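Engineer: If you read the sequences in order, they're chains W and F. Throughout, my numbering is defined as the position within the first sequence, counted from one, plus 6. Throughout, my numbering is defined as the position within the second sequence, counted from one, plus 6.
Protein chains: 2
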Amino acid sequence: MSGQSGQWVYRFAEGRAEMKNLLGGKGANLAEMSRVGLPVPPGFTITTAACNAYYERGRQIWPELAQQIEENLAYLEKETGRSFGGDKPLLVSVRSGAMISMPGMMDTILNLGLTPKTVEALAAESSDRRFAMDCFRRFIQMFADVVLKVESYHFENILTEKRNARNVRTDAELQAEDLAEVVEEFLKVVRRETGTEFPFDPREQLFLAVKAVFDSWHNPRATVYRQINRIPDDLGTAVNVQAMVFGNLNNQSGTGVAFTRSPATGEPVIYGEYLLNAQGEDVVAGIRTPRPIAEMAQELPEIYKQFVDVCRKLEAHYRDMQDIEFTIENGKLYILQTRNAKRTAAAAVKVAVDLVREGVISKDEALLRVEPDQLDQLLHRRIDPEAKLNVLAYGLPASPGAATGKVVFDPDRAQELASENVAVLLVRSETTPDDIHGIKAAQGVLTSRGGMTSHAAVVARGMGKPCVCGCEALKIDAAKGKFYIDGQEYAEGEVLSIDGATGRVILGEVPLIDPELTPEFKELLSWADAKRRLRVRANADTPDDAALAVELGAEGIGLCRTEHMFMDKARVPVVQKMILAATLKEREAAMAELLPMQKDDFKGILQAMTGLPVTIRLLDPPLHEFLPNREALLLEVDRLRREGGDGQLLLQREELLLKVRALAEQNPMLGHRGCRLGLVYPEIYSMQVTAIFQAAVELVNEGIAAEQIKLEIMIPLVGHGAELARMKKVVDDAAAAVLKEAGLELPYLVGTMIELPRACMVADELAQEAEFFSFGTNDLTQTTLGYSRDDAEGKFLPFYLEHKILPANPFMEVDRDGVGALVRIAMEKGRKTRPDIKLGICGEHGGDPASIEFFHSAGLHYVSCSPYRIPIARLAAARAVLKG
Amino acid sequence: MSGQSGQWVYRFAEGRAEMKNLLGGKGANLAEMSRVGLPVPPGFTITTAACNAYYERGRQIWPELAQQIEENLAYLEKETGRSFGGDKPLLVSVRSGAMISMPGMMDTILNLGLTPKTVEALAAESSDRRFAMDCFRRFIQMFADVVLKVESYHFENILTEKRNARNVRTDAELQAEDLAEVVEEFLKVVRRETGTEFPFDPREQLFLAVKAVFDSWHNPRATVYRQINRIPDDLGTAVNVQAMVFGNLNNQSGTGVAFTRSPATGEPVIYGEYLLNAQGEDVVAGIRTPRPIAEMAQELPEIYKQFVDVCRKLEAHYRDMQDIEFTIENGKLYILQTRNAKRTAAAAVKVAVDLVREGVISKDEALLRVEPDQLDQLLHRRIDPEAKLNVLAYGLPASPGAATGKVVFDPDRAQELASENVAVLLVRSETTPDDIHGIKAAQGVLTSRGGMTSHAAVVARGMGKPCVCGCEALKIDAAKGKFYIDGQEYAEGEVLSIDGATGRVILGEVPLIDPELTPEFKELLSWADAKRRLRVRANADTPDDAALAVELGAEGIGLCRTEHMFMDKARVPVVQKMILAATLKEREAAMAELLPMQKDDFKGILQAMTGLPVTIRLLDPPLHEFLPNREALLLEVDRLRREGGDGQLLLQREELLLKVRALAEQNPMLGHRGCRLGLVYPEIYSMQVTAIFQAAVELVNEGIAAEQIKLEIMIPLVGHGAELARMKKVVDDAAAAVLKEAGLELPYLVGTMIELPRACMVADELAQEAEFFSFGTNDLTQTTLGYSRDDAEGKFLPFYLEHKILPANPFMEVDRDGVGALVRIAMEKGRKTRPDIKLGICGEHGGDPASIEFFHSAGLHYVSCSPYRIPIARLAAARAVLKG
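(1) Could you give the distance in angstroms between the alpha-carbon of ASP184 of chain F and the alpha-carbon of VAL230 of chain F?
(2) Starting from SER102 of chain W, trace the beta strand (DSSP E) both ways and give me its first and last residue.
(3) Using the Cα positions of LEU676 of chain F and LEU633 of chain F, report the straight-line distance between them to the nearest angstrom.
(4) In angstroms with no decimal places, state the Cα-to-Cα distance between ILE442 of chain F and VAL465 of chain F.
(5) If I measure Cβ to Cβ from GLN147 of chain W and keep anything under 6 Å in the same chain, skipping five residues before and after, which residues do I get?
(6) Compare the C-alpha of ARG4 of chain F against each of F:GLU131, F:MET250, F:GLY890, F:PHE608 and name the closest.
(7) Assign GLU301 of chain F to one of two classes, buried (16 or more other C-beta atoms within 10 Å of its C-beta) or exposed (fewer than that).
(8) Taking beta-carbon pairs under 9 Å, can you tell me which members of the segment 789-810 of chain F lie near chain W?
(9) Using a C-beta to C-beta distance shorter than 8 Å, which residues of chain F count as neighbours of ASN784 of chain W?
(10) For GLN788 of chain W, name the three-state secondary structure that DSSP assigns.
(11) Could you check the C-alpha separation between GLY894 of chain W and THR790 of chain W for me, to the nearest Å?
(12) So, for ASP770 of chain F: in the same chain, excluding its five sequence neighbours on each side, which residues have a beta-carbon less than 6 Å away from its beta-carbon?
(13) Compile a chain-ordered list of the residues in the segment 664-678 of chain F whose CB is closer than 7 Å to at least one CB of chain W.
(14) Return the residues of the segment 724-740 of chain W that lie within a Cβ-Cβ distance of less than 8 Å from chain F, sorted by chain order.
(15) Report yes or no: do the segment 688-707 of chain W and the segment 818-829 of chain F share at least 3 C-beta pairs separated by less than 8 Å?
(16) The beta strand (DSSP E) that contains ASN163 of chain W, what's its start and end?
(17) Along the alpha helix (DSSP H) that carries SER405 of chain F, what are the first and last residues, could you check?
(18) Are any of the Cβ atoms in chain F nearer than 8 Å to that of PRO439 of chain W?
(19) Would GLU199 of chain F and SER259 of chain F qualify as a contact pair, given that the criterion is a beta-carbon distance under 8 Å?
(20) Tell whether a beta-carbon distance below 8 Å holds between ARG297 of chain W and ALA284 of chain W.
(21) Please determine if the segment 808-819 of chain W and the segment 465-475 of chain W are in contact, where contact requires at least 3 C-beta pairs separated by less than 8 Å.
(22) If we ignore side chains and look at the alpha-carbon of each, how far apart do GLY33 of chain W and PRO226 of chain W end up?
(23) Please classify ASP796 of chain F as buried or exposed, where buried requires at least 16 neighbouring CB atoms within 10 angstroms.
(24) Determine which residues of the segment 480-494 of chain W have a Cβ less than 8 Å from any Cβ of chain F, and write them out in chain order.
(25) Which one or two residues does DSSP pair with GLN248 of chain W in a beta bridge?
(26) Using the C-alpha atoms, what's the distance from LYS735 of chain F back to LEU685 of chain F?
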């Protein structure tokens with residue numbers, strides 16, 4: 007289109023809401039308001055296509071565009087009965103307006119058309135020379151700043167000098183003559199800084215402003231914003247030119263902003279502020295205190311009635327809560343702008359549910375009105391938005407929720423203090439599986455290194471703990487018990503707060519608001535439950551997690567990671583004994599210690615999930631994760647060797663180092679883990695299965711009906727049919743032994759995790775043995791893409807996202823073309839062998855709305871996610887139905 | 007069949023060669039010989055089905071089988087005119103005979119049917135009581151050993167005592183009476199050890215022997231052999247019962263073994279030995295020296311003529327060189343056994359080619375007669391088979407060929423000595439990329455750790471250097487300059503030899519035979535070239551490799567790994583500078599140093615490959631591989647900190663440690679490598695492409711026609727279309743700049759390695775940019791199976807292979823169901839977008855015959871393998887056509 011001639015400019019009355027692409031958000035909105043008969047000051051929109059054409063022409067406005075602008079100016083003059091640069095002057099506002107609003111774009115220019123001549127006409131018309139001069143100096147200041155690129159401080163200096171000279175405190179106290187002098191000074195600055203005169207031809211002003219809007223599309227801030235938000239560069243921005251109306255002509259005039267409901271709570275009460283005899287800037291500047299909108303009922307009852315009516319009309323038309331800018335000019339109400347109001351998660355839920363109750367929207371629409379990710383806010387403690395905060399630094403918002411606590415560097419110490427009911431914050435450069443007990447004990451986690459998918463982030467999200475990661479301003483000197491934020495020293499034990507939703511790190515304690523699941527929240531989710539086809543299960547490793555998951559609506563456990571049970575501080579030494587055992591006998595002794603611990607955990611989990619399916623994954627991670635730190639051990643051995651003291655100790659440490667080295671792997675992600683462990687050490691899996699079934703038997707003996715226990719035993723990291731066949735036998739044998747001794751029948755399923763590309767390719771073979779597949783999309787993403795999550799985050803992935811090589815972080819949103827395609831192949835092959843095979847997914851993607859949409863469309867039976875993501879998944883699953 | 011009644015026993019005359027499955031190899035062979043009229047002593051075969059049925063019946067011989075054996079005994083009696091246990095006694099041999107011959111199975115029992123009664127009849131018939139007694143004592147000894155499980159040493163002791171008593175040196179000197187006494191003693195031992203009498207009922211002897219054969223199918227040695235060679239357990243063994251003939255009746259009798267051609271060289275001369283008046287054991291025992299078969303022409307001209315005739319008949323019938331056992335009984339020739347002769351690689355090639363020349367077989371058959379892997383022997387130096395060796399230890403035969411040299415632990419030292427023309431052997435616990443220059447300098451590599459796919463093994467194979475890996479008996483104490491083999495101390499500098507084909511580690515120098523490519527070798531390969539559809543290219547990284555590859559028949563280079571060029575000792579510091587550069591400018595300075603080095607390499611390679619395509623892969627491995635060892639650095643920093651001396655040095659080392667740590671990755675295989683490097687540091691790829699095209703331009707300027715330079719630039723580790731598009735632009739820009747300056751046109755292709763499952767799934771998208779795909783099946787295997795090659799080999803893979811969880815090492819033989827399925831998907835998708843896309847494979851599988859068969863059937867255009875695998879690949883590709 008851009009290379010051809012066409013309609014580059016639309017009057018508001020010519021457009022409509024659907025033309026957002028061409029007119030931008032603001033332009034389409036003004037057009038729509040005009041169309042439905044709302045009182046909008048007349049104006050026109052220069053299209054986004056014109057913006058693109060402008061760039062294609064080397065940033066030039068071409069004759070056809072110029073002509074169309076002129077024609078529309080003439081229309082405006084006619085409509086308002088004014089003339090541009092004339093005696094009854096037409097003044098206009100010029101605003102940018104892209105399809106998606108974004109920061110960094112050129113701001114509004116008001117009162118364009120003012121010149122030394124028209125300013126006097128305005129003074130006469132308003133009978134207020136001070137107002138006219140103030141408009142003029144504001145216009146010059148803004149135009150010079152955003153169009154002529156004159157630094158703003160020059161103008162601020164002049165104003166400051168003038169205030170000083172007049173011995174007043176505020177600009178409002180300057181008189182008309184003062185402002186006239188200010189204008190003269192401003193014009194001198196422009197002359198000095200730009201080498202030319204300020205343009206006093208209104209048409210020149212307008213064309214320069216239009217160019218400035220177009221140019222701002224490619225300014226650095228907007229460009230970065232688009233990169234981050236993956237907004238295409240060729241959307242372009244529109245330009246809106248609109249006749250000015252004045253809220254400051256008299257006391258029958260005014261200006262204000264309002265929401266049709268509370269944007270904080272969603273309460274159905276008009277909420278906003280207005281000022282009589284004022285312009286919009288006065289509200290923003292905070293010189294005069296605006297008054298709550300309710301007071302307008304007394305002050306301007308007619309206008310208020312009209313306003314309430316407009317609000318009703320707007321909500322009825324847009325079928326959503328609106329955010330409105332309005333001006334009253336001499337007793338006449340003008341709506342300058344309306345848009346769907348930004349709102350808190352709480353308000354989003356309440357408004358959506360209320361609109362259903364009011365009969366404005368359907369339940370399905372209500373489900374589409376709430377972004378699932380928003381719900382996260384409602385499920386976690388948050389910082390009181392009213393509180394004054396001393397923000398020291400920002401990190402990555404890695405796990406939502408807010409926490410306050412004493413800074414502790416050491417996970418053991420964290421556990422110790424927590425057991426004394428001291429609230430602690432675990433602060434480390436990064437965390438490892440050795441720190442799990444510390445994370446569990448802490449209120450939250452703060453790290454100086456690592457990204458959104460670092461160990462700390464993943465574990466914290468899994469546990470529902472607030473976490474701020476990769477806070478680079480933070481340096482820790484654990485040896486000295488100190489930490490530094492931007493060079494400032496603090497001692498361990500200092501109280502910090504973190505906000506995992508924003509990444510803020512705050513000094514001292516802050517007031518926190520507990521999450522509250524409102525009736526509307528529950529109602530909305532009940533509608534989602536009725537709508538969705540996907541079941542939602544939880545990834546839960548402890549009885550506490552399981553109970554929480556049920557509370558949040560889980561329909562079972564999709565992933566219980568038994569290795570997390572091994573990570574308890576009390577158990578790690580026993581696990582180490584098991585790993586380092588030289589003989590089967592030694593290993594069995596260690597396992598005999600672990601068995602009752604595991605059994606108790608399983609019992610608690612199964613009890614919490616009575617009647618619901620529980621998928622338990624047998625041991626998965628590399629064994630060496632449970633072993634001591636290799637570098638520390640190396641240094642210790644080196645020291646012992648040098649000192650030559652305790653030979654016995656040296657020998658013992660050397661031996662340990664050898665074992666740690668022997669167990670170390672070049673690429674542990676691709677190493678001796680998952681069922682590969684179970685195959686080489688079947689006794690470990692056998693012990694785990696024994697513990698599971700002993701737990702089940704005890705529950706039955708305690709009165710739970712056997713059919714209420716729905717066990718699904720899952721074998722991890724299977725790639726070959728023979729692996730699964732052998733492991734299934736181990737499971738069946740161990741289960742049979744327990745059940746036989748108990749004289750009990752207890753049906754259960756055996757299935758496998760699908761987390762290797764090979765497993766997808768041979769899923770037909772695996773389904774011979776597997777009664778269910780659970781897609782482990784975390785690992786499947788790693789192997790399919792060849793990305794180590796631990797490494798990619800800190801190395802090339804940020805670069806990839808910044809440069810749009812990847813559309814999204816594949817560990818957050820499932821990669822449909824690669825991983826997704828493999829999932830589809832595996833599903834198809836699996837079903838070919840076993841049509842009724844149960845199919846689910848238990849990677850972190852199970853809690854990601856975009857991924858859930860895919861899993862729904864692919865036809866999985868369930869997703870499984872961490873407990874706090876369950877409401878999100880329930881809503882996302884319903885939305886997937888509606889979008890599909 | 008086993009559960010039903012049926013024919014469990016076949017007379018030789020009833021069977022034929024095709025019944026190998028049922029009759030076993032030996033039985034089918036005897037049947038076939040009988041069928042074609044060769045003089046075979048009569049006999050019968052108890053089938054493999056009977057063996058399986060025997061096991062199903064709990065190791066019992068059942069009435070139907072017993073009856074069929076009896077019937078066949080009767081037939082034997084009739085045929086020979088003798089009777090079992092009678093006055094003119096029938097004696098039989100009992101032999102095992104599975105479909106595939108294997109060690110550990112029960113050996114032959116001769117002269118079964120001898121009893122105190124029949125032994126006298128035999129003495130009378132042969133007029134040789136000593137012979138009869140000797141038969142008897144041998145029979146008892148063997149029967150007692152293999153059937154009654156009496157330890158052999160008891161009998162050896164008795165013989166020794168008897169010799170001492172008679173004051174003779176050998177058993178041959180014992181007289182008939184002595185042997186009669188020995189028999190008495192033997193029988194006593196049997197009575198004492200088994201608690202029962204030695205069975206003197208010939209039928210009981212026979213049935214016990216049959217059971218013993220069946221039982222030996224499941225003895226440990228056979229079981230392990232089947233595991234290793236992946237032979238199914240339910241093949242079962244047959245039992246052959248055959249009338250005895252005697253080569254020791256008189257001087258018109260004799261026995262011998264012969265090959266119809268030389269098994270060492272393939273020369274078409276009957277080759278073998280015989281002894282007159284002797285039994286087979288006499289040949290084996292070495293008491294009398296057998297005589298070359300040629301002498302038979304003088305000694306027994308009639309028989310010799312008959313024998314030559316039989317040889318001719320056998321070769322004509324079996325259409326291959328035969329290995330024959332024969333006996334002459336009283337002037338009558340009997341063929342006891344014939345089989346396709348085992349032969350050296352050299353003989354295999356010569357025999358195959360000669361048989362074609364003789365019109366016996368077709369060229370196609372000749373190609374099927376030589377196992378491609380055998381050719382390896384012909385391409386490497388080997389140890390003179392005549393040499394006496396002092397074998398100290400065994401390791402894994404990791405890379406074929408033999409080498410002798412002074413032991414050197416340090417790669418730098420190896421390079422130094424090699425430059426002084428000292429032959430060295432690099433001996434290390436394991437190697438890393440830091441050692442490449444040392445491997446290159448050495449005659450061969452010996453390591454104490456690591457498997458067939460360890461770094462040392464892979465690199466050595468790539469370079470065609472002999473290598474023995476994982477020699478656990480070897481301990482190295484580099485600090486002391488000592489090494490130990492089985493506790494024995496040796497000094498660095500000691501001369502060792504290794505045999506990479508067998509894993510032998512030998513003390514001192516050994517005589518080596520240089521490889522020689524015979525005319526027959528070349529002829530066979532020329533037939534292969536005419537037959538095959540797959541092109542064969544080389545993986546070659548240096549001009550030397552390229553030249554060698556051409557000599558061995560390469561039709562281009564399929565993989566030139568530019569990172570190997572970086573690993574030269576002189577270059578590593580420059581590469582480190584490049585990696586550690588803090589700024590682009592620093593990096594560019596380092597690259598400017600590298601550019602001319604790379605250019606010279608490319609020039610040499612392109613020159614060697616004039617007229618042939620050359621695929622050059624841009625930099626691939628993780629950068630941290632080029633950095634110093636982290637543990638050593640850690641200890642150094644620790645030491646410097648303690649000593650507190652040179653603060654400057656400490657700072658510098660600390661900084662280096664930080665960088666090494668920062669570059670270190672949890673899973674480098676899945677880390678920041680391949681095109682991920684090229685994307686973040688496009689200047690590196692740009693430099694490499696510049697070097698490539700500068701090399702090409704120089705060659706053109708030196709007179710090589712531009713169309714003779716066929717460049718294919720390959721981008722590694724691509725998973726997303728956007729990666730390839732960006733990298734292709736970098737390539738095109740750099741190439742265009744060089745060509746423009748030179749004023750030259752030079753067509754080239756840009757393609758990608760397919761080594762990630764995701765790349766396979768989006769191959770249609772990749773083919774938009776890629777003009778060729780080269781499957782990197784090494785990495786594709788790692789990601790598809792989720793195996794780290796470095797780790798799997800030393801951890802679970804041996805267990806997996808031993809327990810048949812995997813049918814083969816997937817790094818040796820391509821995994822068809824997983825990796826192969828992905829390759830097929832990628833090919834199909836790639837062709838959909840670009841029907842003429844070039845498709846090849848450049849993983850190590852490119853040199854594996856079984857994998858080549860798959861690549862052929864999948865429809866690839868070429869395979870690429872290390873130079874020494876090229877003849878193997880050429881042959882395998884031809885055989886793939888024939889087998890398809």
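C-beta: ideal position from N, C-alpha, C; glycine also. Everything numeric in this text was worked out from a predicted model, so none of it was measured.
Structural biologist: Here's the rundown:
(1) Approximately 41 Å between the Cα atoms of the pair.
(2) Counting along the chain, the beta strand (DSSP E) containing SER102 of chain W begins and ends at 98-104.
(3) LEU676 of chain F and LEU633 of chain F: Cα-Cα distance of roughly 18 Å.
(4) The alpha-carbon separation between ILE442 of chain F and VAL465 of chain F amounts to approximately 8 Å.
(5) Closer than 6 Å at Cβ, skipping near neighbours: PHE161.
(6) With chain F covering 7 to 890 only, the question about residue 4 of chain F has no answer from this structure.
(7) GLU301 of chain F comes out exposed.
(8) So the list reads THR789, THR790, LEU791, GLY792, TYR793, SER794, ARG795, ASP796, ASP797, ALA798, GLY800, LYS801, PHE802, PHE805, TYR806, HIS809, LYS810, given in the order they occur along the chain.
(9) Using a Cβ-Cβ cut-off of 8 Å, ASN784 of chain W is close to nothing in chain F; its nearest Cβ partner there is about 12 Å away.
(10) Helix.
(11) The requested residue 894 of chain W does not occur in the structure, where chain W is confined to residues 7 to 890.
(12) Correct list, in chain order: LYS835, LYS838, THR839.
(13) For the segment 664-678 of chain F, the beta-carbon criterion of a distance under 7 Å to any beta-carbon of chain W is satisfied by GLU671, GLN672, ASN673, PRO674, MET675, LEU676, GLY677, HIS678.
(14) When C-beta distances to chain F are compared with 8 Å, the residues of the segment 724-740 of chain W below that value are GLY725, HIS726, ALA728, GLU729, ARG732, in chain order.
(15) Contact fails: fewer than three Cβ-Cβ distances are below 8 Å.
(16) For ASN163 of chain W, no beta strand (DSSP E) segment is defined; the enclosing uninterrupted segment is the alpha helix (DSSP H) at 158-172.
(17) That residue, SER405 of chain F, is in no alpha helix (DSSP H); its beta strand (DSSP E) goes 402-405.
(18) So, not an interface residue.
(19) No, these two residues do not count as a Cβ contact at 8 Å.
(20) Taking 8 Å as the Cβ cut-off, ARG297 of chain W and ALA284 of chain W do not qualify as a contacting pair.
(21) No, they do not touch.
(22) Distance between the alpha carbons of GLY33 of chain W and PRO226 of chain W is about 24 Å.
(23) It counts as buried.
(24) Residues of the segment 480-494 of chain W with a C-beta atom less than 8 Å from some C-beta of chain F do not occur.
(25) Within the DSSP bridge table, the entry for GLN248 of chain W names W:GLY49, W:SER99 as partners.
(26) Cα to Cα, LEU685 of chain F sits roughly 11 Å from LYS735 of chain F.
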